[in-house]
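Novice: If you want the numbering used here, it's the 1-based position in the sequence shown plus 4.
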Amino acid sequence: MSSTPPVRRRRLGLPRRAFSQVLLMQLAIAAGVAVLATGLFLAPLGDQLDDQAMRRALAIAQTTAQQPQVARDLRTTRPAADGPVQTEAERIRRATKAEYVVVLDRQGVRWSHTDPRRIGEVVSTDPGQALAGQEIMEIDNGTLGRSARGKVPLRDADGEIVGAVSVGIAYDSVRARLVHAIPGLFAYAGGALAVGALAAWLISRRVQRQTRDLAFSDIAGLLAEREAMLHGIREGVVALDRGGRVRLLNDEAQRLLDIGGEAVGHSPEGALGAGRTADVLAGRVTGTDLLTVRGQRVLVANRMPTGDGGAVVTLRDRTELEQLGRELDSTRGLIDALRAQDHEHANRMHTLLGLLELEMYDDAVEFVGEVVGDHRVTAEQITERIQDPLLAALLVGKATVAAERGVALVVSDRTRLPDRLVDPRGLVTIVGNLVDNALDAVAGTPHARVEVELRAQGRAATLRVRDTGPGVPVDRRELVFTEGWSTKEPPAHRQRGIGLPLVRRLAERQGGSATVDAAHGGGAAFVVVLPEALAEPELEPALSAPALPGSAPGPAAAPDPAAAAAAAAAAAENAAEKESR
């Protein structure tokens, strides 16, 4: 077998580049239009020249018939080559440059003719219509060939028809005028074709620059790859035109933003409604990796302007990452609390062991009672005022964590919350986020204190979380509820600026509100109002047997602090996970 590769034959056809194809197509269109326009002009031009020739012949015939001496000579003389009718007719023919002027009587006998020998003969065409009083224009063949003719009746002074006048214009002169006009038409058509070719070249050069001299097949391939890429990637892509209207949405963007293809052609506000997400898409919020909450998803957006004045926005779903970050924060906090408790527990065991070795049994019993009693009193105080077990467990755990961080977490004496919560997990998320923020704000400050107050009135519940921290300036009291905004350094595994926006979103979802103000004596006071947080009493089934009058909760009623902290952390994370999804 030969190793020489086969020679590929070049096929004739259109060039591959878009520039060349557009140029050829436009040249073909310009040439076709020029030829068509010339043909369309020539077609009626012939008819117009024929009509002009016939009308000219008719006008000459009418002028001849109006000469009174012609009708008089026709009645008083005989047809002859040197007769007065022949003389007058020849004079008119030479003056008007007609092919012939023939005067005939009612019998159709010629009294004048270009060839004198035919005078006295009957005409070759039927003169009946003219002798009947009609005026005729036609193109016909006669003894002198094809001509454009005009025939009119000849009347005497009394108006009686005594004959007819027939005038002919040589048809060859009509065709000659048409042929004479063709070079001028071709000149105009050529000029128009040249202008069209120049315009086609300029347009093709512009197409060449805009398409980067690609072939149509390459452009089609790029479009196919673009569609596959846009609808195949797991990031949302939103393209906006120079007017700020949405012109493209891929499948992932529709899923993340919870909108459909009908959003194309609308502004971000029209498609999504007013809010931070619309502001990010419209470019009113600048920066990289901008956080925004859409529905139950936490999104990260990046906006890149395009050369045509529009922009492309990419969206990533960080909901799962935020969940993992919160779980990691909770696990670290729980580990720190358990480590501190383990250290404190070891110190207490050493103290107890020393008391026993010194045979100070009464002091050992008193020491154990004080240690257990402190935790039991805290748990009892919380469970007496907050009857929802999930929320009570959360606050018991937060109290333990706060104590290890040197912060006093107290529940206000005015706190009263029955076990009739409609959405306990949502309230756990709200309380957990506000308490965490308050603990972060007061940590490391002298006399650090966080107070939680929960009160119910009918179906409404009001939450107040006060701290002794630096407080929130007036100009930032609305800004703290904005997604992605925070004064704290973000941890490595996630971004901040999510907790407070989730608090407000949960409150507004139930028709309530979340605000921040200055606390009495310094610090910040966050207030959340939930108008329908509680169910009607008669609609709630009894969850447990009522306590006996005068009975106090036993030791079993107070959860173990470590277990309570774990349960509270898990409850808070489950609630946060539910919300972020």
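C-beta atoms are modelled at their ideal positions from N, C-alpha and C, and glycine is treated no differently.
(1) Out of 350, 297, 249, 509, which one is the CA nearest neighbour of residue 262?
(2) Quick test of your reading: residue 196 and residue 38, contact by CB under 8 Å. State the CB separation rounded to the nearest angstrom.
(3) Out of 528, 508, 480, point me to the one whose CA is closest to residue 456's CA.
(4) What residue range is occupied by the uninterrupted alpha helix (DSSP H) comprising residue 273?
(5) What number of angstroms, rounded off, separates the C-alpha of residue 158 from the C-alpha of residue 70?
(6) If you count every other CB in all the chains shown that lies within 10 Å of the CB of residue 117, and 16 or more means buried, which is it?
(7) Among the candidates 539, 403, 133, 26, whose CA atom is the shortest distance from the CA of residue 210?
(8) Among the residues of its own chain, which have a CB less than 7 Å from the CB of residue 245, if the five just before and after it don't count?
(9) Is residue 253 near the ligand NAP, in the sense that its beta carbon is under 8 Å from a heavy atom of that ligand?
(10) Quick one, are the C-beta atoms of residue 458 and residue 420 less than 9 Å apart?
(11) Using 10 angstroms around the beta-carbon of residue 155, count the other beta-carbons present and answer buried if the total reaches 16, otherwise exposed.
(12) Would you kindly report the start and end of the unbroken alpha helix (DSSP H) that includes residue 612?
(13) Less than 9 Å between CB atoms is the rule here; does residue 399 satisfy it with respect to chain E?
(14) Based on the DSSP output, what are the partners of residue 51 in its beta bridges?
(15) Between residue 286 and residue 311, is the Cβ-Cβ spacing less than 9 Å?
(16) Over what stretch of residues does the beta strand (DSSP E) that includes residue 461 continue unbroken?
(17) From this set, 448, 515, 530, which residue's C-alpha is nearest residue 485's C-alpha?
(18) Using alpha carbons as the reference points, say which of 360, 81, 426, 369 lies closest to residue 537.
(19) Which two residues bound the contiguous beta strand (DSSP E) that contains residue 306?
(20) Pick helix, strand or coil for residue 145, following the three-state DSSP scheme.
(21) Measure the CB-CB distance between residue 453 and residue 405 and report whether it falls below 9 Å.
(22) Does the Cβ of residue 145 have 16 or more other Cβ atoms within 10 Å, making it buried, or fewer, making it exposed?
(23) Give me the residue from 533, 524, 522 with the minimum Cα distance to residue 513.
(24) Using DSSP's beta-bridge definition, name the partner residues of residue 155.
(25) Only counting the same chain, and skipping five residues up and downstream in sequence, which positions put a Cβ closer than 8 Å to that of residue 63?
(26) Taking buried to mean at least 16 other C-beta atoms within 10 Å of its own C-beta, is residue 364 buried or exposed?
(27) Please state whether the Cβ-Cβ distance between residue 78 and residue 109 is less than 9 Å.
(28) Whole-angstrom Cβ separation of residue 526 and residue 472, contact assumed at under 8 Å?
(29) Whole angstroms is fine: what's the gap from residue 443's alpha carbon to residue 470's?
(30) From this set, 320, 271, 53, 274, which residue's C-alpha is nearest residue 294's C-alpha?
(31) Taking only the alpha-carbon atoms, compute the straight-line gap between residue 359 and residue 353 and give it to the nearest angstrom.
(32) May I have the straight-line CA-CA distance separating residue 499 from residue 30, to the nearest angstrom?
Specialist: Let me lay it out:
(1) 297
(2) 5 Å
(3) 528
(4) 272-276
(5) 8 Å
(6) buried
(7) 26
(8) 251, 314
(9) This structure lacks the ligand NAP, and indeed carries no ligand of any kind.
(10) yes
(11) buried
(12) The first residue shown for the chain is 5 and the last is 585, placing residue 612 beyond what the model contains.
(13) Of the protein chains in this structure there is only one, and it is not chain E.
(14) Residue 51 is not bridged to any residue.
(15) no
(16) 453-461
(17) 530
(18) 426
(19) 301-309
(20) strand
(21) no
(22) exposed
(23) 533
(24) 140, 170
(25) 154
(26) exposed
(27) yes
(28) 6 Å
(29) 10 Å
(30) 320
(31) 10 Å
(32) Confidence in residue 499 is poor, its pLDDT being 49 and thus under 50, which makes the residue's placement unreliable; the coordinate value appears in the next sentence. Residue 499 and residue 30: Cα-Cα distance of roughly 57 Å.
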